[in-house]
Structure formats: structure tokens, C-alpha cells
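Right, one structure below, let's go through it.
In the numbering used here, the protein residues as written are 886 to 1081.
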């Protein structure tokens, strides 16, 4: 009964060609199947996980009673597919009977691409850190180790990297004054190169 301009642009299907039909599925799928609002209208919540399998894809809304949210990739949406978050909710009459359903779709494709790029970068970074012969570590503002290379385990004679996470980084230095000097140079210049 409603198909806004954004759906026209994303799907390439005009509102005039959809309103009054049951062809709304064409915007998301290549063959006819129930959409999330269809399942809510049919009061068939049990089938939601069958049609939208996977923990990432389906969850109950924490804001609207009886509403569900899905996150999934729709290959037919837009020019080259899109990651969408769809939130569908039943519409009830004064007696509580479901008379319709509404769904909003949010395009999170760019966010997913950024997350994928970050994950790929972290994997490459982790590979470099794990292959280092020198000790590399990162601390939080309190000086607690949040990340450390596996070489620290071998060089320092520790049992595992996990043993070092959360420990005070000063413990990595045989001379605590050396760490204080490093920190003072870092505070002053913002970076340290070729530290003695």
C-alpha cells in the first residue's frame, strides 16, 4: 500500500508498478518468497529464522513490540547489491489484531565495506606483529599492555602473550628509569625514533 521514493530509486521499481500488487518481494529477491513484513502479517514468527538464517541476520527489536530486524546482503538491490538493515513491525487495530506491517530499510553497505577493510588491515598488521623478532607492544593511557608481539614471550621467558596482557608495561623494562625517559621523549615530541 506504500512504496516511497527511496525504494523506487534503490529497487528501480516504480511505486505505480507495485502498489496494489503482491510484487514487493521483487525489490529484494530474484524469485517469489515471503518478506519479513509478510511473515509478521501472517503471524508466523517461527518461520522468520528459516527464511533469514544466521545469528547476524535476525533479532527481535528492542524498541518495538513484535518487531524484528534483519541484517543481510541483497544482491539484487541497487547497482551491485547492498547490505541492508531491515526493521519490520506489525500494525494492529484497536482490538490487537494484525492488519498490516511496515518495514524500513537502511543501507549500511559503506559501513560494511569499511569494517571489511579494517578487518583485512588488522589481519595484515597482526601477521607483521606475529612475525617480528623485536618486541612490539601497545599500552592504554594507564600504561597497561593491551597488545604485545609473541616475540616478547620468547625473549622475556614468559608462558604466553595472555600472561602479559593487562600487565604494567614498566615490568618489561629491567631499568624503570629507561621507560620514564622514553615516555618523556614521547610526550615532548609525540614520536620516538632510534631511542637509545
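Ideal placement from N, C-alpha and C gives every residue a C-beta, glycine not left out.
Computed from a predicted model, the values in this text were never measured in an experiment.
{"Asked": "Three-state secondary structure assigned by DSSP to residue 916", "Found": "coil"}
{"Asked": "Same chain only: Cβ atoms within 7 Å of residue 911, ignoring 5 sequence neighbours per side", "Found": "898"}
{"Asked": "Proximity below 8 Å, CB of residue 968 to CB of residue 1004", "Found": "no"}
{"Asked": "Every unbroken alpha helix (DSSP H) within the region 1029-1058, with a cutoff of 4 residues, ordered by chain", "Found": "1036-1041 and 1046-1049"}
{"Asked": "Own chain, CB closer than 8 Å to residue 932, minus 5 neighbours either side, in chain order", "Found": "919 and 924"}
{"Asked": "Assigned exposure category for residue 988 - 16 Cβ within 10 Å defines buried", "Found": "buried"}
{"Asked": "Beta-carbon gap between residue 896 and residue 962 smaller than 8 Å", "Found": "yes"}
{"Asked": "Proximity to residue 985 [Cα-Cα], best of 1077, 1037, 952 and 1000", "Found": "952"}
{"Asked": "Sequence-distant residues of its chain with Cβ nearer than 6 Å to residue 913 (five each side left out)", "Found": "959"}
{"Asked": "Span separating the alpha-carbon of residue 1062 from that of residue 965", "Found": "58 Å"}
{"Asked": "Residue 1016 - containing beta strand (DSSP E), residue span", "Found": "Taken as a continuous stretch (DSSP letters only), residue 1016 belongs to no beta strand (DSSP E), being part of the alpha helix (DSSP H) at 994-1016."}
{"Asked": "First and last residue of the uninterrupted beta strand (DSSP E) at residue 955", "Found": "953-959"}
{"Asked": "Which listed residue (1067, 1034, 1010 and 999) has its alpha carbon closest to that of residue 1047", "Found": "1034"}
{"Asked": "Sequence-distant residues of its chain with Cβ nearer than 7 Å to residue 928 (five each side left out)", "Found": "983"}
{"Asked": "CB of residue 900 within 8 Å of CB of residue 893, strictly", "Found": "yes"}
{"Asked": "Close-in-space but distant-in-sequence residues of the same chain around residue 1055 (CB under 8 Å, 5 per side omitted)", "Found": "1028, 1061 and 1064"}
{"Asked": "Close Cβ partners of residue 1058 (< 8 Å) along its chain, the five nearest in sequence each way excluded", "Found": "1064"}
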